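Colleague: Sending over a structure as structure tokens; questions will come in a sec.
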């Protein structure tokens, strides 16, 4: 039980209790305040699961705006501020509702558990990276990590760095990571390749291949120019992309500006560990992308059209709110108070 | 750091969604129904985030952003409708809105 699990369980309990109170309380204002608790808990859950940007967006949008809007709704509809018997349906309908709610929750829980299993604790393994450089002749030459030009730093973005990283060349020779300042250089460099540039099946979802008791964690895409030296930027051929010992086809026109590997340790279809391994490239300093960078880049590249569509929906809602709130009826137009009445 | 199995937050989201369904069906006050709908949308967001975290897929967060935006639009229009109903009927009891009842 680490702190994060304790936090998750506590927030979950608070959320569920608040949600139950939200749908059962007989006080409208209290109900909105319970809704606020649930929304705040959701923000906490977001942050626990690495969606910091969204967590704070949740605080801004929901806690800041929507809860206030709901309170306005409560005020403007002149709901009774104290206890009220008018909030719920009669008991038969409530029992039916309870049944429906329980059934839907049970259905979802059943589907999730059926699809994902019981959720065993992750196992740790030693990562193995496979890489090579393609020569002009088309041979795949294992890259020597000890040379200056082709030197490779393996950097682990997460805190749970494996004890040792083994770099396995195509011919089977093994290279060990230098260790030491792995984490320090992390802030200076990072490498990134958009997921869509990777060939089908590449990227974040490589299965773990188990061979001879060794588990291969991931892949490296590596490039070389005409002379065989490592080249980054511009056009170059990707030499090899492998999962464990299994080569993965790479499209001819793949143009990898930089190289990035996200290693997912899947075991029997289940995620067991998750790490990002980047390869720093000399002369190409890049800032390490933050979560916000990732969200923004995905939002404005891959999902830009849905983003525009949602903005149109928001615009339509804005116009709709104005139209709904308008009073055409001249009787309801606010009357100016005559001067004499004010004086009197 | 021990990671949390993906099914935990998914279970949480399923429970919250079920509670939201109960609220929508059992409540008679339109503002409370809207609050329950918000609860359901948030349950969906929790699923999106936990799936996104479990699969190392940033798209889960993108979808949640969309849900937040659409939920904001829904609250704005929904409250507008509720206020209009209140203005005409001086009540937000959905049982009284039976004009279309056959």
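Chains as they are written, first to last, in the working numbering: chain A, 38 to 381; chain B, -18 to 83. The C-beta atom is built at its ideal place from N, Cα and C for all residues, glycine as well. Being a predicted model, the structure only gives us computed values, none of them experimental.
For residue -2 of chain B, I'd like the list of residues in its chain whose CB is within less than 6 Å of its CB, leaving aside the five on either flank, ordered along the chain.
Modeller: In the second chain, counting from the first residue as 1, residue -2 of chain B sits at position 17. Once the five neighbours on either side are set aside, the close Cβ partners of residue -2 of chain B are 21 and 24.
Colleague: Going along chain B, which residues have a C-beta under 8 Å from residue 123 of chain A?
Modeller: Counted from its first residue, the first chain places residue 123 of chain A at position 86. In chain order: 9, 10 and 74.
Colleague: Helix, strand or coil: how does DSSP classify residue 131 of chain A here?
Modeller: Residue 131 of chain A sits at position 94 when you count from the first residue of the first chain. It is helical.
Colleague: Taking C-beta to C-beta, are residue 5 of chain B and residue 60 of chain B nearer than 9 Å?
Modeller: The residue you call residue 5 of chain B lines up with position 24 of the second chain. The residue you call residue 60 of chain B lines up with position 79 of the second chain. Contact: no.
Colleague: Can you tell me whether residue 88 of chain A sits near the ligand FMN, meaning its C-beta is under 8 Å from at least one heavy atom of the ligand?
Modeller: Looking at this structure, you won't find the ligand FMN or any other ligand, since it has none at all.
Colleague: Report yes or no: do the stretch 46 to 61 of chain A and the stretch 76 to 83 of chain A share at least 3 C-beta pairs separated by less than 8 Å?
Modeller: The stretch 46 to 61 of chain A, when compared against the stretch 76 to 83 of chain A, does touch it at the 8 Å Cβ threshold.
Colleague: State the Cα-Cα distance for the pair residue 84 of chain B and residue 340 of chain A, rounded to the nearest angstrom.
Modeller: Chain B is shown only over -18 to 83; residue 84 of chain B falls outside these bounds and no answer can be derived.
Colleague: Rounded C-beta distance between residue 39 of chain B and residue 335 of chain A? I'm assuming under 8 Å.
Modeller: Taking the second chain and counting its residues from 1, one reaches residue 39 of chain B at position 58. Taking the first chain and counting its residues from 1, one reaches residue 335 of chain A at position 298. Confirmed, Cβ separation roughly 5 Å.
Colleague: Please determine, among A:85, A:68 and A:56, the residue with the shortest C-alpha to C-alpha distance to residue 43 of chain A.
Modeller: As a first step, residue 43 of chain A must be located in the first chain, where it is residue number 6. Closest by alpha carbon: A:85.
Colleague: For residue 68 of chain A, which residues in chain B fall below 7 Å Cβ to Cβ?
Modeller: The residue you call residue 68 of chain A lines up with position 31 of the first chain. Result: 13 and 16.
Colleague: Among A:64, A:107, A:150 and A:137, which has the Cα closest to the Cα of residue 120 of chain A?
Modeller: Along the first chain, one-based indexing puts residue 120 of chain A at 83. Comparing Cα positions, the closest option is A:64.
Colleague: Is the stretch 48 to 64 of chain B in contact with the stretch 343 to 361 of chain A, if contact means three or more CB pairs nearer than 8 Å?
Modeller: Yes: the two stretches touch, three or more of their Cβ pairs being nearer than 8 Å.
Colleague: Kindly indicate which three-state DSSP category residue 70 of chain B falls into: helix, strand or coil?
Modeller: In the second chain, counting from the first residue as 1, residue 70 of chain B sits at position 89. Three-state result, residue 70 of chain B: helix.
Colleague: Would you tell me roughly how many angstroms separate the C-alpha atoms of residue 80 of chain B and residue 59 of chain A, rounded to the nearest one?
Modeller: Within the second chain, the letter at position 99 stands for residue 80 of chain B. Within the first chain, the letter at position 22 stands for residue 59 of chain A. If you take the alpha carbons of residue 80 of chain B and residue 59 of chain A, they lie about 29 Å apart.
Colleague: Spatial neighbours of residue -6 of chain B within its chain, please: CB distance less than 6 Å, with the 5 preceding and 5 following residues excluded, ordered by chain position.
Modeller: On the second chain, residue -6 of chain B is found 13 positions in, with the first residue counted as 1. Excluding sequence neighbours, residue -6 of chain B sits near 24, 27 and 28.
Colleague: Using alpha carbons as the reference points, say which of B:65, B:75 and B:74 lies closest to residue 360 of chain A.
Modeller: Reading the first chain from its first residue, position 323 is the one you call residue 360 of chain A. Of the listed residues, the one whose Cα sits closest to residue 360 of chain A is B:65.
Colleague: If contacts are defined as beta-carbon pairs under 8 Å, then residue 9 of chain B and residue 123 of chain A qualify, I think. What distance do you get, rounded to the angstrom?
Modeller: Taking the second chain and counting its residues from 1, one reaches residue 9 of chain B at position 28. Taking the first chain and counting its residues from 1, one reaches residue 123 of chain A at position 86. About 7 Å; that satisfies the 8 Å criterion.
Colleague: With 9 Å as the threshold, decide whether the Cβ of residue 80 of chain B is near any Cβ in chain A.
Modeller: Counting from one through the second chain, the residue named residue 80 of chain B turns up at place 99. No, residue 80 of chain B does not count as interfacial toward chain A.
Colleague: Would residue 340 of chain A count as contacting chain B if we go by Cβ distances under 9 Å?
Modeller: For the purposes of this step, residue 340 of chain A is identified with residue 303 of the first chain, where counting begins at 1. True, the Cβ-Cβ gap to chain B drops below 9 Å.
Colleague: With H, G and I counted as helix, E and B as strand and the rest as coil, what does DSSP make of residue 26 of chain B?
Modeller: For the purposes of this step, residue 26 of chain B is identified with residue 45 of the second chain, where counting begins at 1. Correct three-state label for residue 26 of chain B: helix.
Colleague: Measuring straight from C-alpha to C-alpha, what distance separates residue 54 of chain A and residue 33 of chain B?
Modeller: Stepping through the first chain from its first residue, residue 54 of chain A is reached at position 17. Stepping through the second chain from its first residue, residue 33 of chain B is reached at position 52. Those two C-alpha atoms are separated by around 26 Å.
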